[in-house]
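A short worksheet on the structure shown next.
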Amino acid sequence: MQKKTPFPENPPTWNAEQGEMAMIAGILEGSPDAVGVAVIRLDCGCRKMAAVSCEGEPASKIIMYRDQAESICDLCKEDHGSALRVIAQFIHWAAPQPDQDACARIEAKVLGGPTAATTH
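The working numbering runs 98 ahead of the 1-based position in the sequence shown.
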């Protein structure tokens, strides 16, 4: 059984990659209640994304995709992007970004703990 890689005490500041930006923009456009988009990168190269509300609740459906591919990988089709295979997770905040306390509260609820916030 594969072990989940622990996140460091002071996680790095994660930023959305160029390929993720179009997907994030589309999710935000279709989710008027969203304050950000949770981005979860998996070890296979697939990604899971969903808009989040100011209460830390889902503001969209979860979208799974893989850059420059017609569909997600076979492993993700089997395990739906298992949490054991997460290599990075963060919230890409919509402008205006919520205050620091709100960001920390939302991150804790959505991702299970604080991460380094990104401002975009």
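Yeah, the Cβ is synthetic: ideal placement off N, Cα and C, and Gly gets one too. Quick caveat, the model's predicted, so the values are computed rather than measured.
Which term fits residue i, buried or exposed, when burial requires 16 or more other beta carbons within 10 angstroms of its beta carbon?
i	result
L160	Note that residue 160 is Ile in the sequence shown, not Leu. Result: exposed.
E176	exposed
M162	buried
Comparing alpha-carbon positions, which option in the options lies nearest residue i?
i	options	result
V184	S158, L140, E153 and A136	L140
P194	G210, C152 and C171	C152
K146	G210, L126 and S180	S180
Give a yes or no on whether the C-beta atoms belonging to residue i and residue j are separated by under 7 Å.
i	j	result
C144	I170	yes
W191	G154	no
I122	A114	yes
A167	A157	no
L173	C142	yes
Identify, in the order they occur along the chain, each residue of the same chain with its Cβ nearer than 6 Å to the Cβ of residue i, setting aside the five sequence neighbours on each side.
i	result
D165	G117
A136	A148, V150, I189 and V208
For residue i, name the three-state secondary structure that DSSP assigns.
i	result
Q166	coil
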